[in-house]
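Okay, structure first, notes after.
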Amino acid sequence: ANGGTNCAACAVLVGLVEQLAQVYNEDAVKALDRFCSFLPDQLQAPCRAGAKIFAPYIAEAIYNKETPDVVCHAIGFCKVDPGHQACHLFPVPKGGMEAALRRTQPMYQEVKKMRQQHGY
Amino acid sequence: ADICNIPGIKEICDIINRAFNSHLPAEDLDKDGFSTIKTFRGSSWRGKDCNDLDSRHHPGARPINGDVLTDSNCNGISGLDSETGLPYEDLLCNGTEPRGMILLGDSIGAHFHLPPQWFEAKSLNPSVFKDLLFILENEIDWPELSAATGHMNNTFGEVIKGPVDSIYMRLRERNRCNHRDYQNIGVNGGRSGSMNSTIVRSLVRNRMSDYPALVNIEVVGNDVCNGHPDTLSHMTKPDEFRKNMLDTLQYLDGVLPAGSHVWLTGLANGSLLYDNVHDRIYPLGSLRNDITYTDFYSYMNCLEISPCAGWLTDNSTLRYLTTKRAFELSDVLKNITATSEYKNFDLVYLDIGIDEVIAEWEANGGEGWQLIEPVDGFHINQQANALAAAHFWKQLEKEYPDLMGKVNPNNDRIKELFGDQGGY
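Residue numbers (the numbering used here), protein chains in the order written: chain X, 442 to 561; chain D, 203 to 626.
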């Protein structure tokens, strides 16, 4: 439900990137690249390929102080299925999840269009 | 479109499917069920094959012609004693009742572990991901360090901490002729149904040409664990559990060499998981102390991906009802043990005893949460695996000493002559 394991994997990854950015005092794009550089050689290329697509959106949302849960909704890995409530691992953002999801709707639409263009 | 249908990719998919679905080694030239590589169900899981071109040569085999020329059972003992003119296998192993250790079970038996360092921003660095591929190729399990078949020193100290102790190591210490005779057929998510349909069928033992084995069947949670919101209605019912286990045992009677022993482990009391960790900080929340295990459990339940909605929940009634069903299923195992007889093995039952292990740990000044896997909050960790091995061994020694076999009086001679017997 609500994106299942894809959503959870996204929340963990974005959460780590956001925390890395804080630990190393850098922006999320650099933090994501730092994360990819930690992986074994064989996995760095696919990691960077994914980062190239999503890093700008993740960075913008994190810059706007959105939580990793909200970021993952904005980039389409998490969703709210009919009859369900939005799931969150990190503390609920100020003003609640629903308001945050409304706030990030434009980004969601933009990512959706980008995904369709690239056939994801 | 299935990516596995693409020529070239198909062969790779076949290898992965063979390892991950049938629980048999992906690389096994002679198809005897044993491999020379570690991962993909290789020697991390079953003793290393010392001759992958001859299926008669594998761990657990009875020696061929006294192993004078080759080490057919891969236990590192071969050749002829020049003084007596007898094969060393005959001299050092005959009459010592060699036996293998085989685990059939779930992720607890396979020893599931995700490194907490992967979930802590401050701990992330290249060295914590050094063994990432190895870990994935072993299905995120650590059978080489597990309570049943652990067989090596813990050289992965950066991502998994704690001592190693196992039933196999103790069986080998008791009789060095047992070297390399282990099989860990633990499968993440394993339950009584999959035990009967696939897991037990991945056991490799030749009734005629292999030594007997001590087989531990442990499915300690997944029959009551699932991620469904209506979790109770998806749990295995006692009559279904009984049928699955009886079918499994009947199959085993057809494949195990005479003189084997089967030991059934009861289901766990998973309530202790929540009790011990619910208000502690989850690794991903360690930077700001803002995520507890209760938050993590609720999140998994919200996404319906929890490995156990019945135990990993703040709903105490649900936890109670899940434990109740687990105890009912354990009663089925006790009843089967008391009422069934098999031609090729005797059958015993032991409680899993994690409660006792935790109580003992606490009596020695420890805290319960220190024995639980930090990332999933659902398994026991390396320290607890080692303690569980010692606990089981003590129980076996006390209640069923026959299962362990004799102490081999030739152990020192074997050490002197054959050193580490080829290692692992």
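Here a beta-carbon is modelled for each residue, glycine too, at the ideal position from N, C-alpha and C.
Just so we're clear, the structure is a prediction, and the values are computed from it rather than from any experiment.
How would you call residue i, buried or exposed, if buried means at least 16 neighbouring beta carbons within 10 angstroms?
{"i": "D:Gly395", "result": "buried"}
{"i": "D:Asn428", "result": "buried"}
{"i": "X:Leu473", "result": "buried"}
{"i": "D:Gln319", "result": "buried"}
{"i": "D:Lys324", "result": "exposed"}
{"i": "D:Ile211", "result": "exposed"}
{"i": "D:Glu285", "result": "exposed"}
{"i": "X:Ala492", "result": "buried"}
{"i": "D:Cys206", "result": "exposed"}
{"i": "X:Lys554", "result": "exposed"}
{"i": "D:Glu341", "result": "buried"}
{"i": "D:Ala349", "result": "buried"}
{"i": "D:Gly555", "result": "buried"}
{"i": "D:Asp622", "result": "exposed"}
{"i": "D:Ile419", "result": "buried"}
{"i": "X:Tyr465", "result": "exposed"}
{"i": "D:Ile493", "result": "buried"}
{"i": "D:Asp178", "result": "Here chain D covers residues 203 to 626 and nothing more, so residue 178 of chain D does not appear."}
{"i": "D:Lys536", "result": "exposed"}
{"i": "X:Gln550", "result": "exposed"}
{"i": "D:Asp251", "result": "buried"}
{"i": "D:Gly249", "result": "buried"}
{"i": "D:Leu514", "result": "buried"}
Suppose the cutoff is 7 Å on Cβ atoms and the five residues either side in sequence are ignored; what does the same chain contact list for residue i look like?
{"i": "D:Ala263", "result": "Ser274, Asn275, Ser411 and Asp412"}
{"i": "D:Ile574", "result": "Leu475, Asn478, Val479, Ile582 and Asn583"}
{"i": "D:Arg615", "result": "Leu294"}
{"i": "D:Ile560", "result": "Leu474, Gly570 and Leu573"}
{"i": "D:Val421", "result": "Gly307, Asp308, Gly392, Arg393, Ser394 and Met397"}
{"i": "D:Asp150", "result": "Only positions 203 to 626 of chain D appear in this structure, which leaves residue 150 of chain D out of reach."}
{"i": "X:Asn447", "result": "Phe518"}
{"i": "D:Ser488", "result": "Glu322"}
{"i": "X:Gln558", "result": "none"}
{"i": "D:Arg374", "result": "Asn380 and His381"}
If residue i and residue j are in contact, beta carbons under 8 Å, what's the gap, nearest whole angstrom?
{"i": "D:Asn377", "j": "D:Trp247", "result": "Rounded, the Cβ-Cβ distance is 22 Å, inconsistent with contact."}
{"i": "D:Met447", "j": "D:Ile538", "result": "6 Å"}
{"i": "D:Val577", "j": "D:Phe331", "result": "No, D:Val577 and D:Phe331 are not in contact; Cβ-Cβ is about 15 Å, not under 8 Å."}
{"i": "D:Gly307", "j": "D:Asp383", "result": "Not confirmed; about 18 Å, so no contact."}
{"i": "D:Thr524", "j": "D:Gly570", "result": "About 18 Å; that fails the 8 Å criterion."}
{"i": "D:Asn398", "j": "D:Asp449", "result": "5 Å"}
{"i": "D:Leu326", "j": "X:Phe518", "result": "Contact flag wrong, Cβ pair sits at about 21 Å."}
{"i": "D:Phe547", "j": "D:Val464", "result": "5 Å"}
{"i": "X:Lys520", "j": "X:Gly456", "result": "Not a contact, Cβ separation roughly 18 Å."}
{"i": "D:His381", "j": "D:Gly278", "result": "5 Å"}
{"i": "X:Val453", "j": "X:Ala469", "result": "Rounded, the Cβ-Cβ distance is 15 Å, inconsistent with contact."}
{"i": "D:Asp627", "j": "D:Phe443", "result": "Not covered by the structure: residue 627 of chain D. The range shown for chain D is 203 to 626."}
{"i": "D:Ala470", "j": "D:Ala565", "result": "Their Cβ separation, rounded to whole angstroms, is 20 Å, which puts D:Ala470 and D:Ala565 out of contact at 8 Å."}
{"i": "D:Leu416", "j": "D:Tyr551", "result": "Going by Cβ atoms, the distance from D:Leu416 to D:Tyr551 rounds to 14 Å, so no, they are not a contact pair."}
{"i": "X:Val511", "j": "X:Leu542", "result": "7 Å"}
Using a Cβ-Cβ cutoff of less than 8 Å, which residues in the same chain neighbour residue i once the five nearest sequence positions on both sides are dropped?
{"i": "D:Thr351", "result": "Trp247, Met303, Leu305, Pro345, Ser368, Ile369, Tyr370, Tyr384, Gln385 and Asn386"}
{"i": "D:Ser329", "result": "Glu360"}
{"i": "D:Ser542", "result": "Leu448, Leu451 and Leu549"}
{"i": "D:Asn267", "result": "Pro289"}
{"i": "X:Glu501", "result": "Met548"}
{"i": "X:Arg556", "result": "Gly517"}
Leaving out five residues on either side along the sequence, give the residues of the same chain with a beta carbon under 6 Å from the beta carbon of residue i.
{"i": "D:Asp254", "result": "Leu231, Asp232 and Thr238"}
{"i": "D:Val609", "result": "Arg376"}
{"i": "D:Met502", "result": "Ser508"}
{"i": "D:Gly461", "result": "Pro414"}
{"i": "D:Asn613", "result": "Arg378"}
{"i": "D:Glu291", "result": "Pro265, Gly268, Asp269 and Ile279"}
{"i": "X:Phe495", "result": "Ile516"}
{"i": "D:His643", "result": "Any property of residue 643 of chain D remains undetermined from this structure, which presents chain D solely from 203 to 626."}
{"i": "D:Glu339", "result": "Thr241 and Phe242"}
If the cut is a Cβ gap below 7 Å, which residues of chain B does residue i touch?
{"i": "D:Phe358", "result": "Absent here is chain B; the protein component of the structure consists of chains X and D."}
request  = Taking 8 Å as the threshold, find out whether the region 473 to 493 of chain D comes into contact with the region 393 to 411 of chain D through three or more Cβ pairs.
outcome  = no
ask   = Any chance the region 502 to 514 of chain X sits against the region 478 to 490 of chain X, with 3 or more Cβ pairs inside 8 Å?
value = no
request  = Examine the Cβ distances between the region 206 to 215 of chain D and the region 225 to 232 of chain D and report whether three or more of them are shorter than 8 Å.
outcome  = no
task = Would you check if the region 340 to 352 of chain D and the region 306 to 317 of chain D touch, i.e. whether three or more CB-CB distances between them fall below 8 Å?
result = yes
ask   = Is there contact here, the region 491 to 498 of chain D with the region 522 to 541 of chain X, by at least three beta-carbon pairs under 8 Å?
value = yes
key: the region 502 to 510 of chain D in contact with the region 592 to 604 of chain D per 3-pair CB rule at 8 Å   = no
query = In the region 527 to 610 of chain D, which residue ranges form an unbroken alpha helix (DSSP H) of at least 4 residues, counting only runs that do not cross its ends?
reply = 556 to 565 and 584 to 601
message = Just to confirm the assignment: which complete alpha helix (DSSP H) runs, minimum length 4, are found wholly within the region 272 to 312 of chain D?
response = 290 to 295 and 309 to 312
key: alpha helix (DSSP H) runs wholly inside the region 432 to 508 of chain D, at least 4 long, in chain order   = 440 to 457, 473 to 479 and 495 to 505
inquiry  = So within the region 309 to 375 of chain D, which uninterrupted alpha helix (DSSP H) runs reach at least 4 residues, ignoring any that extend past its ends?
reply    = 309 to 312 and 334 to 339
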